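Position in the sequence shown (first residue = 1) + 141 = my numbering.
For every residue, glycine included, the Cβ atom is placed at its ideal position computed from N, Cα and C.
Every value quoted in this text rests on a predicted model; they were computed, and no experiment measured them.
Remarks on the structure that follows.
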Amino acid sequence: MLYKIALISDEAEDFFREITIDADATFLSLNKAILEACGYDDSQITSFYTCSEHWDKEHQIVREDMGTSAEDEDLYIMADTRLSELLEEEEQKLIFTFDPANDRIFYLELTDIVTGKSLKNPECTVSRGQAPRQLQGFDLDFSSLGKSDDLDPDMDFDNFGSDGYNDDEFDPESFGIDGE
142 MLYKIALISD
152 EAEDFFREIT
162 IDADATFLSL
172 NKAILEACGY
182 DDSQITSFYT
192 CSEHWDKEHQ
202 IVREDMGTSA
212 EDEDLYIMAD
222 TRLSELLEEE
232 EQKLIFTFDP
242 ANDRIFYLEL
252 TDIVTGKSLK
262 NPECTVSRGQ
272 APRQLQGFDL
282 DFSSLGKSDD
292 LDPDMDFDNF
302 GSDGYNDDEF
312 DPESFGIDGE
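As structure tokens, this is what we get:
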């Protein structure tokens with residue numbers, strides 16, 4: 142049995158992906174298929190939530206057990222949970238958190254169930270629009286740091302910071318450290 146799962150984003154209006162995946166595949170396989178379909182790397186701690194028809198979160202499916210869930214709460218691990226265990230009918234909804242630091246998500250919906258067929262590897266069968274940027278925030282481009290044109294040629298780095306402070310200014314007692 143195959144599942145066709147649609148992905149949309151509230152950040153990119155023209156973004157749409159459809160993943161076709163075997164119902165017996167794990168949530169980890171779906172996770173990898175989504176990341177690949179969006180051109181994202183696998184460096185973030187992602188998670189899924191099954192949802193009600195009104196997008197209320199129900200069950201969380203995590204990448205790995207971080208020991209943070211309540212004892213009475215069911216814990217689903219992506220690698221151990223097959224899609225068919227939690228997805229049973231068309232129009233079932235999921236949330237996929239791809240940027241946990243900024244709580245950024247995709248909305249997923251099981252749009253079609255195809256019986257009598259199987260698929261070894263998931264496929265992105267429809268791809269429209271540009272995926273939202275994977276991580277939000279400042280650019281971490283450090284490639285230009287330390288280049289010679291950034292440095293002041295008149296700066297004397299050999300004695301930088303060596304004068305202007307006396308030993309008594311760094312008295313351990315002033316920092317609340319016993320002199321032991």
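Check, Outcome
"Give me the residue from CYS192, LYS198, ASP215 and CYS179 with the minimum Cα distance to ALA153.", "CYS179"
"At what residues does the beta strand (DSSP E) containing ILE186 begin and finish?", "Taken as a continuous stretch (DSSP letters only), ILE186 belongs to no beta strand (DSSP E), as it is neither H nor E."
"For LEU235, write down the residues that DSSP places opposite it in a beta bridge.", "THR191 and LEU249"
"Pick helix, strand or coil for ALA153, following the three-state DSSP scheme.", "coil"
"Rounded to the nearest angstrom, what separates LEU148 and ALA166 at their Cα positions?", "18 angstroms"
"Suppose the cutoff is 6 angstroms on Cβ atoms and the five residues either side in sequence are ignored; what does the same chain contact list for PHE326 look like?", "The question about residue 326 has no answer, for the chain in this structure spans 142 to 321."
"Sorted by chain position, which residues of the same chain lie with C-beta nearer than 7 angstroms to CYS192's C-beta, five sequence neighbours on each side aside?", "LYS198, GLU199, LYS234, LEU235 and ILE236"
"With a cut-off of 8 angstroms on the beta carbons, I'd call GLU159 and THR256 a contact; round off their distance for me.", "Not really, about 18 angstroms apart at Cβ, beyond 8 angstroms."
"Take THR161 as the anchor and find which of ASP183, ASP244 and LEU249 has the nearest alpha-carbon.", "LEU249"
"Using CA atoms only, rank isn't needed, just tell me which of MET219, ALA174, MET142 and PHE168 is closest to GLU264.", "ALA174"
"I need the DSSP call for GLU159, collapsed to helix, strand or coil.", "strand"
"Using a Cβ-Cβ cut-off of 7 angstroms (strictly less than) and excluding sequence neighbours within five positions of ILE218, which residues of its own chain qualify?", "VAL203, GLU205 and ASP206"
"My output table needs one value for SER225: the three-state DSSP class, helix, strand or coil.", "helix"
"Would you kindly work out how many angstroms separate the C-alpha atoms of ARG269 and LEU169, rounded to a whole number?", "23 angstroms"
"Excluding sequence positions up to five away, which residues of its chain have a Cβ less than 6 angstroms from the Cβ of MET142?", "ALA164 and THR256"
"Express the C-alpha separation of ALA242 and ASP182 in angstroms, rounding to a whole number.", "15 angstroms"
"If you drop the 5 nearest sequence neighbours on each side, which residues of the same chain put their C-beta closer than 8 angstroms to that of LEU176?", "ASP182, ASP183, THR187 and PHE239"
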